[in-house]
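Below is one structure, written out as structure tokens; the observations come after it.
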Amino acid sequence: MTSTSSNTISSSWASLSDRDQDEFDAEEDIEEEAKKLMTSNRDAVIFVIDASSSMLRAYKSDNKTEIPFRSAIQCASEVMTSKLISDTTTDLVGVVFMGTQKSSNTLQKEHVYVLHSLDSPDIQRVKELNYIVSGEIDFDNEYGSTDDEYPIGDVFWVCSELFNKETSKTLKTKRIFLITDQDNPHASNSVLYSTAITRARDLTESGIQINLFSLNKPDHPFDFNAFYSEIIHSDELDEIPHYNARKNFDSLISQIMAKESPRRSLFSIPFRLFGGDEGIPELTIGVKGYAMIIEKKKPTPRMIHMRSETTRLAESRTKYVCMDTTQELMPDDIKYCYEYGGEKIAFTKAEVSELRRFGQKGLNLIGFKPSNAAKFHYNVDHALFLYPDEMQFEGSRRTFAALHKKMLEMNKVAICYLVKRDNSLPSFVVLEAQAEKLDEDKRQMFPPGFNMIPLPFADDIRPLPPHAKIKSAPDEMIDILKPIVDKLHMKGGFDPYKINNPELGRFYDVLQALAFDKEVPVGVEDLTNPKYTTINKRVGKFIEEFNEESDQRSVELLANRMTINTKKTSSTRGTRGTTRGSSSSDSIDIKSLWEQDKLKTVCTKYLINFTYCIRF
1 MTSTSSNTIS SSWASLSDRD QDEFDAEEDI EEEAKKLMTS NRDAVIFVID ASSSMLRAYK
61 SDNKTEIPFR SAIQCASEVM TSKLISDTTT DLVGVVFMGT QKSSNTLQKE HVYVLHSLDS
121 PDIQRVKELN YIVSGEIDFD NEYGSTDDEY PIGDVFWVCS ELFNKETSKT LKTKRIFLIT
181 DQDNPHASNS VLYSTAITRA RDLTESGIQI NLFSLNKPDH PFDFNAFYSE IIHSDELDEI
241 PHYNARKNFD SLISQIMAKE SPRRSLFSIP FRLFGGDEGI PELTIGVKGY AMIIEKKKPT
301 PRMIHMRSET TRLAESRTKY VCMDTTQELM PDDIKYCYEY GGEKIAFTKA EVSELRRFGQ
361 KGLNLIGFKP SNAAKFHYNV DHALFLYPDE MQFEGSRRTF AALHKKMLEM NKVAICYLVK
421 RDNSLPSFVV LEAQAEKLDE DKRQMFPPGF NMIPLPFADD IRPLPPHAKI KSAPDEMIDI
481 LKPIVDKLHM KGGFDPYKIN NPELGRFYDV LQALAFDKEV PVGVEDLTNP KYTTINKRVG
541 KFIEEFNEES DQRSVELLAN RMTINTKKTS STRGTRGTTR GSSSSDSIDI KSLWEQDKLK
601 TVCTKYLINF TYCIRF
């Protein structure tokens, strides 16, 4: 199904101002970037879930009974649901059970059951997982469980076969989410131990990453070094892809949901450290740019063709039609022009692109400055995060890590010249080294790398506007306010990550309810609203006392200012020699007149006088 929109152009070449041209190119760039991110950076994830008896045993966690296997299935269901109702429907998800009594895989390996091969998530798959969680599908009868030893290397082999069936060049990320509580599956069999390590390393060499989500047994904590440290490792820049649900099974879901979205880079460019001139060899490494924090928005709606037996996405296509000839215009027929000397100078799109070209794209190192040279007010645009790209130049990670380590030790920042894309405007940026930060569970909170902060030009920094002098509050009011601040202080500070967007929450709840034929929820909890009951319980009496004191001082201040203003008005009348009598503004109750909707009967000068009196 193809949807066509037509734009009419009065002639074979259109006049565009600089601003129009920028907006035209920017719109094309945004659409192109969005399409590339959606179609050329697809992600494939296989959930490998241990189905041994220990995973099927119920445990008590936070005063409630949990079954590890069902919690793992719930994780896979939530990931599929998230991809299903978002813009990541082009990603692939599969589910594999290991340790089952029955087997189902193309390689005929025992105790390995492929529940879902790699494919786009759909409603039926999510429902099947939910039926397993709820018990509507009897797991023991359908799949069964075994504690017999089986080669875990066969599990890796089956996963490799599933990935190999997907030959699309747009599949950039391949990951295995392994959920188990067995820290050493081959403790007594050295042959199977070595074979499993070999199979796992083959996966890593072929670009498939293994992410381990381990669970502790009640009587035995998971020992990562017993087996999995041999197959899961990282260098000094990457965190080890091992996540342990130490506290409860809810933390397992949160960890998996945090990792289900792959890292999609905004750009990949060369980073030229030095050289390139005559007689000086060039040292260049590859880097990728990421947006660490972006605003979450509703997904872009898509047109669906529903008149056939199967619904499918409609393909959108735009064509330009000449108003004079009514003929469709090809890209080469469209030209752009600029007004110069009263004449229209025409350019082709290629010529315009060449005019806007400011050298090769890339990041060029200029020099270094002390870290305090990068002032806070220089940050006038969104910062990006740089990470090495080994695919461009071999050895980029080692050079990047060495530069990162040295800049942290010397407390320096780098000044660079950036051309992000071939037709983008150049800019100067600051590279600030960011050290790795871990939480109390040794999980990575902030990765190591460089924050790339755009530097403003001189006219980008505006002078501060004039502002009034701030007067200190009276000591009596400060004393009243102190207990309010103390009792409303949040332990641990304000955490914005705990506050969800209520509008987006409502949108996705309704979307999910419609997709799964459920009742549409009435509302969603809005965590942005203050907790009025708690506030009133803690500091209600202090707030009343503060308001009473504020009202009293406001009345006194207003009376004083009205008296001063009245004296000034009387003095002015006397100077002008005006003998005509008039009412004083302090004898008029502006508030009462406003409540009675009679302000139109008051002279303008009294209203102006009133505004002067209440001005702070």
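Take the sequence shown: its letters are residues 1 to 616, numbered as in the UniProt record's numbering.
Backbone N, C-alpha and C fix where the C-beta goes; we use that ideal spot for every residue, glycine too.
Quick one: residues in its chain with C-beta nearer than 8 Å to the C-beta of residue i, no 5 flanking neighbours on either side, listed in chain order?
i	result
Ser-254	none
Lys-165	Ser-117, Leu-118
Met-445	Lys-437, Leu-438, Asp-439
Val-510	Val-520, Pro-521
Leu-107	Asp-154, Trp-157, Val-158, Glu-161
Ile-480	Phe-542, Glu-545, Phe-546, Glu-549
Can you tell me which residues form a DSSP beta bridge with residue i?
i	result
Met-257	DSSP, once it has assigned bridges, lists no residue as partnering Met-257.
Pro-218	Looking at the DSSP assignment, Pro-218 forms no beta bridge with any residue, so it has no partner.
Met-98	Asp-50, Val-112
Val-419	Gly-362
Ile-176	Ile-46, Ile-210
Val-429	Cys-416, Pro-454
Arg-312	His-305
Glu-339	Lys-344
Thr-284	Arg-272
His-242	Leu-212
Gly-289	Phe-267, Leu-386
Pro-370	Lys-412
In angstroms with no decimal places, state the Cα-to-Cα distance between residue i and residue j.
i	j	result
Leu-171	Lys-83	16 Å
Ile-67	Ala-383	43 Å
Pro-454	Ala-414	12 Å
Met-452	Gln-360	19 Å
Phe-177	Val-287	27 Å
Arg-580	Cys-603	Model confidence at Arg-580 stands at a pLDDT of 42, short of 50, so the residue's coordinates are unreliable; what they give is reported in the following sentence. Roughly 15 Å separates the two Cα atoms.
Ile-590	Ser-554	15 Å
Leu-212	Glu-476	59 Å
Asn-244	Arg-201	22 Å
Ile-478	Glu-549	11 Å
Ile-470	Gln-552	20 Å
Asp-333	Glu-343	20 Å
Gly-94	Val-133	17 Å
Asp-324	Val-352	25 Å
Leu-355	Ser-424	11 Å
Lys-335	Gln-327	16 Å
Glu-544	Lys-297	40 Å
Tyr-143	Phe-69	13 Å
Ile-484	Ala-515	47 Å
Ser-206	Met-306	40 Å
For residue i, which option in the options has the closest C-alpha, if you only look at C-alpha atoms?
i	options	result
Phe-267	Lys-217, Pro-331, Tyr-387, Val-352	Tyr-387
Leu-162	Leu-607, Ile-208, Arg-125, Asn-451	Ile-208
Tyr-193	Ile-152, Arg-201, Leu-212, Asp-181	Ile-152
Glu-315	Asp-324, Glu-394, Met-303	Met-303
Ala-76	Asn-244, Met-55, Gln-124, Met-257	Met-257
Asn-529	Glu-549, Pro-474, Asn-500, Ala-374	Asn-500
Gly-395	Ile-269, Arg-57, Thr-284	Thr-284
Phe-494	Ala-187, Phe-139, Leu-527, Asn-216	Leu-527
Tyr-150	Gln-434, Gly-99, Phe-393, Thr-204	Gly-99
Glu-409	Lys-375, Pro-370, Arg-398, Tyr-417	Pro-370
Pro-301	Leu-313, Glu-295, Ile-294	Leu-313
Phe-376	Ile-461, Lys-335, Thr-399	Ile-461
Glu-230	His-186, Ile-49, Tyr-378	His-186
Gly-141	Thr-601, Lys-102, Glu-128, Pro-121	What sits at residue 141 in the sequence shown is Asn, not Gly. Among Thr-601, Lys-102, Glu-128, Pro-121, the Cα nearest to that of Asn-141 is on Lys-102.
Please tell me whether residue i and residue j are closer than 8 Å, where the distance is taken between their beta carbons.
i	j	result
Phe-227	Ser-214	no
Thr-81	Gln-512	yes
Val-45	Val-112	no
Phe-139	Val-96	no
Leu-418	Val-429	yes
Ile-269	Lys-420	yes
Ser-52	Ser-145	yes
Go through its chain and collect everything with a Cβ distance to residue i's Cβ below 7 Å, but skip five positions before and after it.
i	result
Arg-538	Lys-487, Leu-488
Ile-345	Cys-337, Tyr-338
Val-524	Pro-502, Gly-505, Arg-506, Asp-509
Pro-448	Leu-237, His-404, Gln-434, Ala-435, Glu-436
Ile-366	Ile-415, Cys-416, Tyr-417
Asn-379	Ile-453
Ser-582	Summary for Ser-582: the model assigns pLDDT 43, below 50, so the residue's position carries little reliability; its value from the coordinates is reported in the next sentence. Correct list: empty, nothing qualifies.
Arg-125	Met-80, His-116
So, at 6 Å on beta carbons, what are the nonlocal neighbours of residue i in its own chain, with the 5 sequence-adjacent residues on each side left out?
i	result
Glu-432	Val-413, Asn-451
Leu-329	Tyr-320, Cys-322
Asn-184	Ala-226, Phe-227
Glu-28	In this prediction, Glu-28 scores a pLDDT of 42, lower than 50, which makes its location untrustworthy; no coordinate-derived value is stated.
Thr-180	Asp-50
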